[in-house]
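If you count the sequence shown from 1, you need to add 6 to reach my numbering. C-beta atoms are modelled at their ideal positions from N, C-alpha and C, and glycine is treated no differently. Below is one structure, written out as structure tokens; comments come after it.
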Amino acid sequence: MASNTTHARTAAISLDTAEPTPAESPAADLADGLSLTEVIAGFRAGMAEFNAGSDDSHERAEATYSAWMHRLESWKSPAETLAEAVMALKLAAEENSVHLGSDVSIAMVAAALAFFEKEADR
């Protein structure tokens with residue numbers, strides 16, 4: 007896992023976009039069936055919560071954003087909409103600006119690319 011400093015800096019980057027509201031389920035109990043939009047929103051909310059505190063311990067990371075981050079790192083489905091593909095690319099750009107080649111950025115580029123390839127085949 008990347009250092010807490012890396013992820014703290016990632017969440018501080020803003021691209022002036024409206025962010026969706028995260029799913030109501032807590033990060034520790036992520037259920038199957040969440041959309042990429044919901045998982046990205048959960049990750050962003052968890053990062054904001056982590057960055058709002060002064061404790062940057064591993065335990066605090068696990069309690070706030072880690073489960074969402076792991077879900078993003080293992081994402082295998084295409085983005086479902088153009089907006090979701092753009093959201094995935096924005097997250098990838100943010101991640102790459104502080105942690106080049108992170109598993110999150112790789113998975114988000116793949117999700118967006120799969121959407122665009124599907125659209126190009128129409």
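Ordered along the chain, which non-local residues of its own chain (more than five positions away) have a Cβ less than 6 Å from that of Asp-109? Glu-79
Find out if the Cβ-Cβ distance for the pair Thr-70, Gly-48 is shorter than 7 Å. The answer is no: Cβ separation not under 7 Å.
Go ahead and pull the three-state DSSP assignment for Ser-60. coil
Taking C-beta to C-beta, are Leu-42 and Ala-85 nearer than 7 Å? yes
Taking the alpha-carbon positions, what's the Pro-116 to Asn-57 distance? Just to set this straight, residue 116 is Ala in the shown sequence, not Pro. If you take the alpha carbons of Ala-116 and Asn-57, they lie about 27 Å apart.
Beta-carbon proximity check, Arg-77 vs Val-45, cutoff 7 Å: yes
Just to confirm before moving on: does the CB-CB distance between Met-114 and Ala-91 stay below 7 Å? no
What are the boundary residues of the alpha helix (DSSP H) that Ala-126 is part of? 109–126
Excluding five sequence neighbours on each side, which residues of the same chain lie with their C-beta closer than 7 Å to the C-beta of Trp-74? Ala-33, Val-45, Gly-48, Phe-49 and Gly-52
Neighbourhood of Glu-101 by C-beta, 8 Å cutoff - its chain only, sequence neighbours within 5 removed: These residues qualify, in order along the chain: Thr-16, Ser-108, Val-110, Ser-111 and Met-114.
For Ala-83, collect the residues of the same chain with a Cβ closer than 8 Å to its Cβ; drop the 5 residues on either side in sequence, then sort them by chain order. Note that residue 83 is Ser in the sequence shown here, rather than Ala. Excluding sequence positions up to five before and after Ser-83, its CB lies within less than 8 Å of the CB of Leu-42, Ala-117 and Ala-120, all in the same chain and listed in chain order.
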